[in-house]
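K.L.:
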Amino acid sequence: MQSIITSFIIAGCFLFTLSIPQSAGAQDTLSINLTDFIQKGLERSGQVAYEGHVIDLAENRVNQAQSQRILPRIEFSSQHGLIPGVVSNRTDLSPGRYYLDPDLENNWEDWAIFTRAELNAVQPLFSWGAISSAVKAAQAGARAANYQFSAVKAEAELQLFELYYSYLLATEITRILEDANEQIDRVERQLYQMRDDGDPGLKESDLFKFDIFKSEFQVQVTEVRESLDFVRRVWNYALQAEPGVVYEPEENFLDPIPYELNDFDYYHFQAFNLRPELKGVESGIEALKSSVDATRAQQYPMIFLGITASYANTPNRPRQTNPFIINNTNYASAGIGFGIRQNLNFSATRSTIERTEIEYRRVNDLHKAVSDGIVLELNESYREAVIADAKVRQTRESLAIARNWVRNEQLNYDIGFGDVEDLLDAVSKELELRLQLNQNIYNLNVKIATLLKTGGIPVSQMNVN
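Numbering of the sequence shown is given in the numbering used here, commencing with residue 136 and proceeding in unit increments.
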């Protein structure tokens, strides 16, 4: 019984991966199936939402890398102000030749608006593949982020699956204990009737044993009732239930999901083709390989095209006609040319390349480590699923025997040849096996879901096959 209560608490641990405000009181009851429950839980999961932003950041890095292809550096600046004009006392000079007057003065009675704008841009022409490799690295990193998100989502789906069936298990056990309580009451009436009739086959110790059994049973009833209330509260928390609304499973009974186990090789093949963790590492290897190429390309000079343009205008400051003399307040100029950029700190460049290569080798080793972990996890999940399946079948057979035992002891009582201790043992064993069967069914469903998740197969496929 203690293991059953513990399973409720373990399934409820998914509560801590959600960042949802708790809802108020419950009045209306809404039924929800497993698929909708998982979907709603994912939509309201803070952990899933957090990992979703990792994808956004990765896609942003792709955009940043791609932006280096076209005008990665383009700058514009402008200055504005109020300045005085100029005045010359020489009549032989035109305004365009005021630069020849050494006595040129500011005209403090003539003010105008000064405006100047400057534009500078750099366009890479040849980078030895550095830019294209950086783009490939960012794109592979984005794919790795998507696989990471898929892995987190698969884990959340499994936790929601456990939570859904925890509700069914709690409901089923509550129903079993209600039936058992009726049976215990019937036995109690028979025992005290025998005592009142002075039945010589009834011993005083039989009544004490029964009272102890009944007291222990009531403790179990209280534990299960509180566990069911706990699961209901977690459900409303996970689903972000609106005030006045509670959810309950659409199913009424806890049954094994109709899924036939395949052989181990099937799940092994699926895992190495579908597991997002493995695909994420493969994308990471691809990203680092491109990063190595991009870093190596930085050893060589980059050829670029430079563009510059500048313009200034002030109405009371004349533009000078000599091309070698520029009036900074009234002029226009533009230029375009080629340039070479080379990082001459070759030692730092070599260190960067070496670090990138070490990271590349490290991620290759991580691929082997992840593969080993998947094989071990898959073997354990498959073993537990097979054992869980066998336990369900064997417990059903044992329960059928226990029910025949109870009927036999009940018939013996009806004809006056029964033994109280044997009847209590039979009733207790039937109750234990009914509880154990539902616990084993719950375990079977969870173990199969875990096996599918380990094999990279969506939990939703449990209903197919």
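Glycine included, every Cβ here is placed at the ideal spot set by N, Cα and C.
(1) Give me the Cα-Cα distance between Tyr185 and Lys288, rounded to the nearest whole angstrom.
(2) Helix, strand or coil, according to DSSP, for Ser362 in the structure here?
(3) Under 8 Å, Cβ to Cβ, is there at least one residue of chain D near Leu546?
(4) Given that a residue counts as buried once 16 or more other Cβ atoms are within 10 Å of its Cβ, and exposed if not, what is Ser418?
(5) Starting from Thr443, follow the beta strand (DSSP E) in both directions and report where the run begins and ends.
(6) Taking Cβ positions, are Gly231 and Thr491 nearer each other than 8 Å?
(7) Quick check on DSSP: helix, strand or coil for Glu532?
(8) Spatial neighbours of Leu293 within its chain, please: CB distance less than 7 Å, with the 5 preceding and 5 following residues excluded, ordered by chain position.
(9) For Gln318, which residues in the same chain have their Cβ closer than 7 Å to its Cβ, ignoring the five residues on either side in sequence?
(10) Do the stretch 206-217 and the stretch 424-431 touch if we need at least three Cβ pairs shorter than 8 Å?
(11) Using a threshold of 8 Å, state whether the C-beta atoms of Asp171 and Val380 are closer than that.
(12) Whole angstroms is fine: what's the gap from Ser468's alpha carbon to Asp500's?
(13) When the Cα atoms are used, what is the spatial distance from Ala422 to Asn195?
(14) Hey, would you say Phe404 sits closer than 8 Å to Tyr517, going by beta carbons?
(15) What are the boundary residues of the alpha helix (DSSP H) that Glu323 is part of?
(16) Out of Arg531, Ala406, Ser445 and Leu342, which one is the CA nearest neighbour of Ser506?
(17) Mind reading off the beta-carbon distance from Glu544 to Asp557? Whole number of angstroms is fine, and I expect it under 8 Å.
(18) Within its chain, find whatever has a CB closer than 6 Å to the CB of Lys582; leave out the 5 residues flanking it on each side and keep chain order.
(19) Please report the distance separating the alpha-carbon of Gln571 from that of Glu512.
(20) Using CA atoms only, rank isn't needed, just tell me which of Ala247, Arg251, Gln433 and Val527 is closest to Ile392.
(21) Can you give me the start and stop residues for the alpha helix (DSSP H) that Asp609 sits inside?
(22) Leaving aside the five residues before and after Gly590 along the sequence, list all residues of the same chain whose C-beta is less than 6 Å from its C-beta, in chain order.
(23) Buried or exposed, going by whether 16 or more other CB atoms sit within 10 Å of the CB of Pro411?
(24) Which partner residues of Ile461 appear in the DSSP bridge assignment?
(25) Return the Cβ separation of Gly220 and Asn242 in integer angstroms, given the expectation that the two are a contact with Cβ distance under 8 Å.
(26) Can you name, in chain order, every residue of its own chain whose Cβ lies under 6 Å from the Cβ of Ala537, other than the five neighbours on each side?
(27) With DSSP as the reference, please indicate the residues paired to Gln214 in a beta bridge.
(28) Assign Thr456 to one of three DSSP states: helix, strand, or coil.
(29) Who are the Cβ neighbours of Gly176 in its own chain at under 6 Å, not counting the five residues just before and after it?
(30) Helix, strand or coil: which one does DSSP assign to Glu383?
(31) Classify Pro219 as helix, strand or coil using the three-state DSSP reduction.
(32) At the level of alpha carbons, what is the spacing between Gly470 and Ala444?
(33) Looking at the structure shown, is Leu153 part of a helix, part of a strand, or coil, going by DSSP?
(34) How many angstroms separate the CA atom of Glu494 from the CA atom of Glu210?
(35) From the DSSP output, read off the bridge partner residues of Glu240.
(36) I'd like to confirm the pairing. Which residues does DSSP put opposite Val257 in its beta bridges?
P.N.:
To lay it out plainly:
(1) Cα-Cα distance, rounded: 11 Å.
(2) Note: Ser362 maps to helix in three-state DSSP.
(3) The structure shown contains no chain D; it is built from a single protein chain.
(4) Looking at its Cβ environment, which holds 16 or more other Cβ atoms inside 10 Å, Ser418 is buried.
(5) Boundaries of the beta strand (DSSP E) around Thr443: Met437 to Asn448.
(6) No, these two residues do not count as a Cβ contact at 8 Å.
(7) Here Glu532 sits in helix by DSSP.
(8) Result list for Leu293: Ala584, Thr585, Lys588 and Val594, in chain order.
(9) The residues are Val562.
(10) Too few Cβ pairs lie closer than 8 Å, so no.
(11) No, these two residues do not count as a Cβ contact at 8 Å.
(12) Looking at the backbone, the Cα of Ser468 and that of Asp500 are separated by about 57 Å.
(13) Going by C-alpha positions, Ala422 is about 15 Å away from Asn195.
(14) A distance of 8 Å or more separates the beta carbons of Phe404 and Tyr517.
(15) The continuous alpha helix (DSSP H) containing Glu323 extends over residues Ala265 to Asp331.
(16) Ser506 has its Cα closest to that of Ala406, out of Arg531, Ala406, Ser445 and Leu342.
(17) So it is a contact: roughly 5 Å between Cβ atoms.
(18) Glu519, Ala520 and Ala523, listed in sequence order.
(19) Going by the C-alpha atoms only, they are around 26 Å apart.
(20) Considering only alpha carbons, the answer is Val527.
(21) Because the chain in this structure spans residues 136 to 600, residue 609 falls outside the shown range and cannot be described.
(22) Tyr402, Gln405 and Ala406, listed in sequence order.
(23) Note on Pro411: 16 or more other CB atoms within 10 angstroms of its CB, so buried under the neighbour-count rule.
(24) Beta-bridge partners assigned by DSSP to Ile461: none are found.
(25) Taking 8 Å as the upper bound for CB-CB distance, Gly220 and Asn242 are in contact here, some 4 Å apart.
(26) Shown here for Ala537: same chain residues with a beta carbon closer than 6 Å to its own, the five before and five after excluded, namely Lys564, Glu565 and Leu568 in chain order.
(27) Arg251.
(28) Coil, per DSSP.
(29) Cβ neighbours of Gly176 beyond the five flanking positions: Leu295 and Ala373.
(30) Of the three classes helix, strand and coil, the one that applies to Glu383 here is strand, per DSSP.
(31) In the structure shown, Pro219 sits in a strand (DSSP, three-state: E or B).
(32) Their Cα atoms are separated by approximately 6 Å.
(33) Low confidence applies here, because Leu153 scores a pLDDT of 34, under 50, leaving its location unreliable; read the following figure in that light. In the structure shown, Leu153 sits in coil (DSSP, three-state: anything other than H, G, I, E or B).
(34) Glu494 and Glu210 have their C-alpha atoms spaced approximately 35 Å apart.
(35) In the DSSP secondary-structure assignment, Glu240 is bridged to Val222.
(36) Val257 pairs with Arg208 and Gly441.
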